[in-house]
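Engineer:
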Amino acid sequence: MDGDEDVNGVGESVASSGNGVASDWADLTQECLVNILSRLTLEQRWQGPMLVCKSWLSASKDPSLHSTFDLEAQFDSAQESPRWWSPDFE
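Just so we're aligned, residue 111 is where the sequence shown starts under the working numbering, counting upward by one.
1. Using a Cβ-Cβ cutoff of less than 8 Å, which residues in the same chain neighbour Q140 once the five nearest sequence positions on both sides are dropped?
2. Hey, would you say L175 sits closer than 9 Å to L147, going by beta carbons?
3. What residue does the alpha helix (DSSP H) around S211 start on, and which one ends it?
4. Near R149, what residues of its chain come up, given a Cβ to Cβ distance below 6 Å and the 5 sequence neighbours on each side ignored?
5. Note down, in chain order, each residue of its chain lying with its Cβ closer than 7 Å to the Cβ of L143, except the 5 sequence neighbours on either side.
6. Comparing C-alpha positions only, which one of T151, P159 and E153 sits nearest to W67?
7. Is C142 close to chain B, meaning its C-beta is less than 9 Å from at least one C-beta of that chain?
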């Protein structure tokens, strides 16, 4: 199956490394998943880790991931963006 193995007979698969050991990313602990997600930028977190599986969705809802974020840098860069301003508006 091109590196995937059907492990439970219902079509779910896990990635298999070259040595035959399979790893199922859904089996990572909540603490481990939150640690991984905390290393992503806010933008990266909203681009899809919560779509991987239910355990990743649950981890992406952890309050520690959403406690503080600084939007000021985004607003500063947006003012210089041509999408937000053009001479036509003057």
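Virtual Cβ for every residue (Gly too), placed ideally from N, Cα, C.
Structural biologist: On the basis of the data shown:
1. Cβ neighbours of Q140 within its own chain (closer than 8 Å, five residues either side excluded): S165, S168, A169 and D172.
2. The answer is yes: Cβ separation under 9 Å.
3. For the chain, the structure presents residues 111 to 200; residue 211 sits outside this window and is missing.
4. When the five nearest sequence neighbours on each side are left out, no beta carbon in the same chain lies closer than 6 Å to the beta carbon of R149.
5. Here the set comprises S165, W166 and A169.
6. Residue 67 falls outside the range modelled here, since the chain spans only 111 to 200, and no answer is possible.
7. Absence of chain B from the displayed structure is noted, only one protein chain being present.
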